[in-house]
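Participant: Protein chains in written order, with numbering that gives the first Met the number 0: chain H, 0 to 202; chain R, 0 to 226; chain V, 0 to 211.
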Amino acid sequence: MGSETGRVTVISARGLGRRFGSKRVLRDLDLEVRSGEVLLVTGPNGSGKSTLLALMAGLLAPTEGELEVDLPRGRIGYLAHESLVYKELTALENLDLYGRLYHVPERRETIGALLERFGLWDARHQRVGSFSRGMQQRLALCRVLLHGPELLLLDEPHSSLDADASSLVDVLLSELAGQTTMAVATHDPNRVQRLATQSLVLA
Amino acid sequence: MSLSNNRAVLLAAAASMLLVAGLALALFWAPEDADQGFSQRIFYIHVPIALTAYACFGWGAWKALRLLWTRESRYDLESYTAVHMGLIFGILTLVTGSIWAKISWGVWWTWSERQLTLFLVLFLFYCAYFMLRFSVEPGPRRANLSAVYALFGVALIPVSFLAIRLAENFIHPVVFTRDGPQMSGSMFVVFCVCLAAMLALFASLYTNELTGKRLDARLRELREALE
Amino acid sequence: MTYFADVAALARKDILLELRSRDTLPAMLLFVVSALVVFHFSLPSEASATASTGLLWIALLFTALLGLGRAFTAEREQRVLDGLVLAPCDRSAIWLAKCLGVLVFLGVAEAVALPAYGLFFEPVGWELVAAILLANLGLAAVGTLLAAMAAASRARELLLPLLFLPLVIPVVVGGVGATVVDDPGRYLGFLALYDLIFAILSWASFEYVVVE
Chain H
0 MGSETGRVTV ISARGLGRRF GSKRVLRDLD LEVRSGEVLL VTGPNGSGKS TLLALMAGLL
60 APTEGELEVD LPRGRIGYLA HESLVYKELT ALENLDLYGR LYHVPERRET IGALLERFGL
120 WDARHQRVGS FSRGMQQRLA LCRVLLHGPE LLLLDEPHSS LDADASSLVD VLLSELAGQT
180 TMAVATHDPN RVQRLATQSL VLA
Chain R
0 MSLSNNRAVL LAAAASMLLV AGLALALFWA PEDADQGFSQ RIFYIHVPIA LTAYACFGWG
60 AWKALRLLWT RESRYDLESY TAVHMGLIFG ILTLVTGSIW AKISWGVWWT WSERQLTLFL
120 VLFLFYCAYF MLRFSVEPGP RRANLSAVYA LFGVALIPVS FLAIRLAENF IHPVVFTRDG
180 PQMSGSMFVV FCVCLAAMLA LFASLYTNEL TGKRLDARLR ELREALE
Chain V
0 MTYFADVAAL ARKDILLELR SRDTLPAMLL FVVSALVVFH FSLPSEASAT ASTGLLWIAL
60 LFTALLGLGR AFTAEREQRV LDGLVLAPCD RSAIWLAKCL GVLVFLGVAE AVALPAYGLF
120 FEPVGWELVA AILLANLGLA AVGTLLAAMA AASRARELLL PLLFLPLVIP VVVGGVGATV
180 VDDPGRYLGF LALYDLIFAI LSWASFEYVV VE
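Dropping the structure here:
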């Protein structure tokens with residue numbers, strides 16, 4: 000299982016680069032993240048933080064170099080800028096869909112627990128289109144944790160969240176650190192700094 | 000680098016020689032056709048061009064398959080170049096076919112020519128290939144989409160041909176007949192030379208265009224590395 | 000098998016989405032009937048039965064295009080397609096589920112179009128129905144794949160008809176042929192062949208259309 004920190008390499012990159020058309024966003028990146036570690040990715044807007052996470056998730060392919068993530072798709076959770084949920088469906092329907100697709104055991108209970116934890120239980124039958132940005136982000140967090148991933152890729156997990164919800168995320172990250180491998184991209188490193196075992200600053 | 004230079008020069012030389020030989024044979028040496036006279040000689044250009052177009056599309060599809068199989072990005076350029084060549088040869092097929100139709104029957108277009116109709120459909124299909132490429136950002140995504148579409152293209156060729164044959168049963172075009180390909184020995188020789196010429200032309204143009212595009216890409220890379 | 004469970008989950012989602020928004024199907028129904036009415040005005044009076052059959056097939060093609068243009072719009076917003084692609088299920092399951100949805104839409108549209116056609120032009124025979132059922136499979140298979148391609152491009156709705164029309168010419172030939180000719184067997188067989196080839200091709204290559 001590799002739950003001992005520092006044992007198994009989960010993510011390894013060599014000379015990783017990614018360009019979009021003629022624009023080079025990532026260049027010559029070397030990286031190694033071991034099981035249970037927390038990688039903190041910081042840098043200004045446009046420096047490629049989101050691109051790096053998308054590469055790790057497998058949504059983008061490298062245009063140069065190599066990237067290897069030693070986990071099957073079903074064991075990875077990816078939190079993007081967009082919520083990746085259907086606006087026309089309710090919170091519950093969205094999570095139910097993902098629960099089925101990820102073959103989550105005891106789907107109903109897991110979904111219920113997550114909705115409660117992130118304060119969305121009362122809104123579970125509402126269409127996501129009527130959610131505030133903060134609620135959408137919280138729902139996205141539920142989506143990401145639903146299948147108990149071994150690797151969590153979080154792109155700005157605190158964005159759009161008020162103080163209470165942000166603390167929820169902090170608590171969550173503290174809980175998971177050491178067991179779940181994480182890569183967190185953020186503008187605001189202070190919240191995650193103390194948990195991070197590795198830091199990557201993109202220019 | 001010099002090895003591929005030599006290859007390119009050799010190909011170009013071979014293509015030029017074959018083309019000259021083929022044209023000369025077609026115009027002067029090949030026996031005159033009893034029914035159609037001099038105009039039949041366009042056959043020696045039209046059909047080899049058509050067959051070469053098929054070869055281009057087939058080659059493009061092969062490279063597309065290699066791309067999807069190995070995920071190596073160089074196959075994208077190779078596939079694209081082959082399809083590009085195929086479209087050019089395809090347009091030439093339509094043009095030479097049209098000229099032949101005009102000379103033979105006095106019309107610029109006829110639906111009764113199955114090959115010509117097929118090429119019209121393929122022309123539309125591969126033009127859409129270019130529209131697809133132009134509307135997607137360069138990158139792995141575009142490479143994948145182009146490759147899948149190129150594969151659909153070669154599947155379309157036999158299916159379309161069958162469709163066109165079947166369509167003749169109810170479309171009833173004005174039928175112009177042309178004697179079948181009963182080629183005498185010497186006609187066959189000329190045909191083969193011309194076919195070899197066209198294929199060599201494809202190979203030569205393909206190699207050159209690939210080299211050119213690769214140089215472009217390399218230049219861009221170097222320029223960026225300096226920034 | 001988990002594959003079919005995944006397909007079922009995805010198909011269920013698509014039905015739910017359409018029931019909620021209720022825009023694609025009514026548009027398709029209205030479109031096909033409007034098209035038939037326009038065709039009445041565009042056909043000269045000496046036009047044969049064959050001509051009106053041809054026009055029916057054109058109407059169906061463009062109605063399919065209308066529906067296919069909307070096939071992936073729900074996934075485009077909020078990049079939901081990425082979420083589906085990241086899931087451990089086979090990507091071809093996404094294609095199959097969408098295909099089934101498109102088939103249902105086409106079926107409903109034809110359930111309206113055929114009686115209208117019978118009313119405005121001429122009676123509908125079993126060959127036409129058989130041809131349409133077979134054609135639906137090919138149109139849905141190819142159309143779903145191409146819709147995903149178009150959704151990945153900048154041009155989107157502009158691109159889909161350009162990609163779609165050359166590929167479905169054989170379907171038109173098979174469909175019109177089966178309706179018009181005395182022995183429809185060959186044409187129905189041809190439609191089945193088309194369906195087989197392009198359904199397999201679409202199923203196998205969908206993965207590469209949605210993944211880098």
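The beta carbon of each residue, even a glycine, is placed where N, CA and C say it ideally should be. Source: prediction; values computed, not measured.
Measure from the alpha carbon of R/Gly-152 to the alpha carbon of each residue in R/Ala-63, R/Ile-87, R/Ala-29 and R/Glu-167, then state which is nearest.
Facilitator: The residue given as residue 152 of chain R occupies position 153 in the second sequence. Of the listed residues, the one whose Cα sits closest to R/Gly-152 is R/Ala-63.
Participant: I need the DSSP call for V/Phe-71, collapsed to helix, strand or coil.
Facilitator: Translated into the one-based positions of the third sequence, residue 71 of chain V becomes position 72. Here V/Phe-71 sits in coil by DSSP.
Participant: With a threshold of 6 Å on Cβ separation, who are the neighbours of H/Thr-109 within its own chain once the five nearest residues in sequence on each side are excluded?
Facilitator: Within the first sequence, residue 109 of chain H is the residue found at index 110, counting from 1. Closer than 6 Å at the Cβ level, and outside the excluded window around H/Thr-109, lie Val-103.
Participant: Could you tell me whether any Cβ in chain H is nearer than 7 Å to the Cβ of R/Glu-223?
Facilitator: Taking the first residue of the second sequence as position 1, residue 223 of chain R is located at position 224. By this cut-off, R/Glu-223 is an interface position.
Participant: If you drop the 5 nearest sequence neighbours on each side, which residues of the same chain put their C-beta closer than 7 Å to that of V/Leu-133?
Facilitator: Here the question's residue 133 of chain V lines up with position 134 in the third sequence. Once the five neighbours on either side are set aside, the close Cβ partners of V/Leu-133 are Leu-187, Leu-190, Ala-191 and Asp-194.
Participant: Quick one, which residues of the stretch 43–65 of chain H are near chain V if we go by CB-CB under 8 Å, in chain order?
Facilitator: Answer in chain order: Ala-56, Gly-57, Leu-58, Leu-59 and Ala-60.
Participant: Would you call H/His-157 buried or exposed, if buried means 16 or more other Cβ atoms sit within 10 Å of its Cβ?
Facilitator: If you number the first sequence from 1, residue 157 of chain H lands on position 158. Buried, because 16 or more other Cβ atoms sit within 10 Å of the Cβ of H/His-157.
Participant: Which chain V residues sit within Cβ distance under 7 Å of H/Gly-73?
Facilitator: Here residue 73 of chain H refers to the residue found at position 74 when the first sequence is read from its first residue. Simply Pro-87.
Participant: With the cut-off set at 7 Å, would you say R/Thr-80 and R/Leu-218 are in Cβ contact?
Facilitator: By 1-based counting over the second sequence, the position of residue 80 of chain R is 81. By 1-based counting over the second sequence, the position of residue 218 of chain R is 219. It is not a contact, given that the beta carbons lie outside the stated cut-off.
Participant: So, for V/Val-175: in the same chain, excluding its five sequence neighbours on each side, which residues have a beta-carbon less than 7 Å away from its beta-carbon?
Facilitator: Start at 1 with the first residue of the third sequence, and residue 175 of chain V comes out as number 176. Taken in chain order, the residues that qualify are Thr-52, Gly-53 and Trp-56.
Participant: Under 7 Å Cβ to Cβ from H/Gly-1, same chain only, skipping five residues before and after it: list those, please.
Facilitator: On the first sequence, position 2 is the one that residue 1 of chain H refers to. Reliability fails at H/Gly-1, whose pLDDT of 45 lies under 50, so the model's placement of it is uncertain and no value is given.
Participant: With respect to the beta strand (DSSP E) encompassing R/Phe-129, which residues constitute its N-terminal and C-terminal limits?
Facilitator: In the second sequence, the residue the question calls residue 129 of chain R occupies position 130. It is not in any beta strand (DSSP E) - R/Phe-129 instead sits in the alpha helix (DSSP H) that spans 113–133.
Participant: Kindly list, in the order they appear in chain H, the residues whose Cβ is closer than 8 Å to that of R/Arg-219.
Facilitator: Working through the second sequence from its first residue, we reach residue 219 of chain R at position 220. Within 8 Å Cβ-Cβ: Ser-21.
Participant: Nearest by alpha-carbon distance to V/Arg-11: which of H/Leu-88, H/Glu-63 and H/Val-9 is it?
Facilitator: As a working note, residue 11 of chain V is residue 12 in the third sequence. Of the listed residues, the one whose Cα sits closest to V/Arg-11 is H/Leu-88.
Participant: Would you be able to state if there are at least three C-beta pairs under 8 Å between the stretch 37–49 of chain H and the stretch 58–68 of chain H?
Facilitator: Result no; under three Cβ-Cβ pairs closer than 8 Å.
Participant: So, helix, strand or coil for H/Arg-33, using DSSP?
Facilitator: Against the first sequence, residue 33 of chain H aligns to sequence position 34. Strand, per DSSP.
Participant: R/Pro-30 CB to nearest chain H CB: under 7 Å?
Facilitator: Taking the second sequence and counting its residues from 1, the one referred to as residue 30 of chain R is at position 31. No, R/Pro-30 does not count as interfacial toward chain H.
Participant: Can you name, in chain order, every residue of its own chain whose Cβ lies under 7 Å from the Cβ of R/Leu-144, other than the five neighbours on each side?
Facilitator: Against the second sequence, residue 144 of chain R aligns to sequence position 145. Cβ within range, chain order: Leu-131 and Val-135.
Participant: Using beta-carbon positions only, say whether V/Val-103 and V/Val-209 come within less than 7 Å of one another.
Facilitator: For this step, residue 103 of chain V is matched to residue 104 along the third sequence. For this step, residue 209 of chain V is matched to residue 210 along the third sequence. Contact: no.
Participant: If you measure beta-carbon to beta-carbon, which residues of the stretch 125–150 of chain H are closer than 7 Å to chain V?
Facilitator: Cβ contacts with chain V come from no residue of the stretch 125–150 of chain H.
Participant: Between which residues of its own chain and R/Tyr-125 is the CB-CB distance below 8 Å, once the five residues before and five after are set aside?
Facilitator: Taking the second sequence and counting its residues from 1, the one referred to as residue 125 of chain R is at position 126. The residues are Phe-56, Val-82, Gly-85, Leu-86, Gly-89 and Gly-152.
Participant: Could you tell me whether the Cβ of H/Ser-82 comes closer than 7 Å to any Cβ of chain V?
Facilitator: Taking the first residue of the first sequence as position 1, residue 82 of chain H is located at position 83. Yes, because at least one Cβ of chain V sits closer than 7 Å to the Cβ of H/Ser-82.
Participant: When we look at the beta-carbon of R/Val-106 and count the other beta-carbons within 10 Å, is it buried (16 or more) or exposed?
Facilitator: Taking the first residue of the second sequence as 1, we reach residue 106 of chain R at position 107. Exposed, by the Cβ-count rule.
Participant: Between H/Gly-76 and the rest of its own chain, which residues show a CB-CB distance below 6 Å, the 5 nearest in sequence each way excluded?
Facilitator: Translated into the one-based positions of the first sequence, residue 76 of chain H becomes position 77. Contacts found: Val-143, Pro-148 and Leu-151.
Participant: For V/Thr-49, which residues in chain R fall below 9 Å Cβ to Cβ?
Facilitator: As a working mapping, residue 49 of chain V is identified with position 50 in the third sequence. Those are Phe-169, listed as they occur along chain R.
Participant: Just reading off the alpha helix (DSSP H) that V/Leu-195 is part of, what are its end residues?
Facilitator: Taking the first residue of the third sequence as position 1, residue 195 of chain V is located at position 196. From DSSP, the alpha helix (DSSP H) with V/Leu-195 extends over 184–209.
Participant: When the cut-off is 7 Å and only beta carbons count, does R/Glu-71 lie next to chain H?
Facilitator: For this step, residue 71 of chain R is matched to residue 72 along the second sequence. By this cut-off, R/Glu-71 is not an interface position.
Participant: Could you have a look at H/Tyr-77 and say whether DSSP puts it in helix, strand or coil?
Facilitator: The sequence position of residue 77 of chain H within the first sequence is 78, counting from 1. Residue state, collapsed to three classes: strand.
Participant: Compute the Euclidean distance between the alpha carbons of R/Pro-47 and V/Arg-78, then round it to the nearest angstrom.
Facilitator: Along the second sequence, read from residue 1 onward, the residue named residue 47 of chain R stands at position 48. Along the third sequence, read from residue 1 onward, the residue named residue 78 of chain V stands at position 79. Between R/Pro-47 and V/Arg-78, the C-alpha separation is close to 48 Å.
Participant: Flag H/Arg-107 as yes if its beta-carbon sits less than 7 Å from any beta-carbon of chain V, otherwise no.
Facilitator: One-based indexing of the first sequence puts residue 107 of chain H at position 108. Closer than 7 Å: no.
Participant: Would V/Ser-204 count as contacting chain R if we go by Cβ distances under 7 Å?
Facilitator: In the third sequence, the residue the question calls residue 204 of chain V occupies position 205. With 7 Å as the cut-off, V/Ser-204 counts as an interface residue toward chain R.
Participant: Taking only beta-carbon positions, decide if V/Leu-95 is within less than 7 Å of chain H.
Facilitator: Here residue 95 of chain V refers to the residue found at position 96 of the third sequence. It does not: the Cβ of V/Leu-95 has no partner Cβ on chain H nearer than 7 Å.
Participant: Give every residue of the same chain whose Cβ lies closer than 7 Å to the Cβ of V/Arg-75, excluding the five residues on either side of it in the sequence, and list them in chain order.
Facilitator: Residue mapping note: residue 75 of chain V aligns to position 76 of the third sequence, counting from 1. Same-chain partners within the cutoff: Ala-150.
Participant: At the 7 Å Cβ level, is V/Ala-154 part of the contact set with chain B, yes or no?
Facilitator: The structure shown contains no chain B; its protein chains are H, R and V.
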